[in-house]
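Read left to right, the sequence shown gives residues -15 to -1, 1 to 191 (mature numbering (1 follows the signal peptide of the UniProt record, and there is no 0)).
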Amino acid sequence: LIAAIFFGILTNAFAEFYFDNRECQHEAMKNFNLEKYLKIGHAYVTHSKDKINSEFCRELNSTKLSNGTIKTIVENYEDIFGDTLHYTMYCNSKQKNGEKGEFSYECNNFNDPKESPDDNYEQYTSVIDTDYTTYAILYWCTRMHKGLVTVYNILVLKTDKNAGDDIIKTSLQSKGMEFDKFFSSDNTYCDKAKKEGKKGEGKKET
């Protein structure tokens, strides 16, 4: 499973990837407020800075556990040569080095990481900007195969996937980025993929 997901990440979701051990780092927004950020809860990835096609879907759900750990579950649908690969990422994190707005996750595509410890990988996220209500812009960096491969992207999240883009355009422009150069997710594909159901399962075959 991890090989198929890895291939999907490289060919569909990310254009920036390196076959070496690179550090994931991006400055987070000033005066980040974790409690307000977590109130967003559920959000859709509507745009990405780097990718190949629009046939991808991601939904994120983030919560804070009683021990302070941030748990994020990411539901994914990716088109791989005409077939839809469905998988779920289970990630647990605490804020990286106490720096607000930066998170270092340990992720696995199994709800219980002990089920397949070799499939664990590192996920670093930095909140570049958010209004704590309608959108968030994230730097998203994944280190796989014990750091031998690093892939990264910048993602736009919205709580309403059909909401307008003006506030996003303004935010990206203030960060030196152009919204028109981002790629958007295809809502038609996403709706179709969910209706068709899972064609790839995030669990072991028996």
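Cβ coordinates follow ideal geometry from the N, Cα and C atoms, glycine included.
Local conformation of residue i per DSSP, three classes
| i | result |
| --- | --- |
| LYS21 | helix |
| GLU12 | coil |
| residue 192 | Summary: the structure shown does not reach residue 192, with the chain confined to residues -15 through 191, and so no result is reported for it. |
| LYS34 | coil |
| LEU(-6) | Residue placement at LEU(-6) is flagged as unreliable, the pLDDT there being 47, under the threshold of 50; a coordinate-derived value is accordingly withheld. |
| SER170 | coil |
Short Cβ contact (8 Å threshold) for residue i with residue j
| i | j | result |
| --- | --- | --- |
| ILE27 | GLU44 | According to the sequence shown, residue 27 is His rather than Ile. For HIS27 and GLU44, yes; Cβs fall inside 8 Å. |
| TYR62 | CYS175 | yes |
| SER47 | LEU19 | no |
| ILE152 | TYR120 | yes |
| PHE164 | LYS154 | yes |
In DSSP terms, what residue i is bridged to
| i | result |
| --- | --- |
| ILE55 | LYS49 and SER78 |
| TYR109 | SER89 and CYS126 |
| PHE41 | GLU63 |
| ASP68 | ILE65 |
| ALA121 | THR115 and LEU142 |
| ALA28 | LEU45 |
6 Å Cβ shell around residue i - same chain, five flanking residues per side excluded
| i | result |
| --- | --- |
| CYS92 | MET74, CYS76, TYR106 and GLN108 |
| LYS146 | TYR29 and THR31 |
| LEU140 | VAL30, SER33, LEU123 and TRP125 |
| HIS11 | SER111 and TYR124 |
| ARG128 | GLU107 and THR135 |
Residue from the options with nearest C-alpha to residue i
| i | options | result |
| --- | --- | --- |
| ASN138 | TRP125, GLY149 and MET129 | TRP125 |
| VAL59 | LEU50, ASP165, TYR90 and CYS9 | TYR90 |
| ALA13 | ALA178, ASP104, GLY86 and ASP64 | GLY86 |
| ASP35 | LYS177, THR173 and MET162 | MET162 |
| THR173 | PHE17, LEU50 and CYS42 | CYS42 |
| PHE168 | LYS177, ASP150 and GLU181 | ASP150 |
8 Å CB neighbourhood of residue i in its chain, flanking five on each side removed
| i | result |
| --- | --- |
| LYS160 | ILE113, ASP114 and ILE122 |
| residue 193 | Nothing can be reported for residue 193, as the shown portion of the chain is limited to -15 through 191. |
Same chain only: Cβ atoms within 7 Å of residue i, ignoring 5 sequence neighbours per side
| i | result |
| --- | --- |
| ILE25 | TYR117, ALA121 and THR144 |
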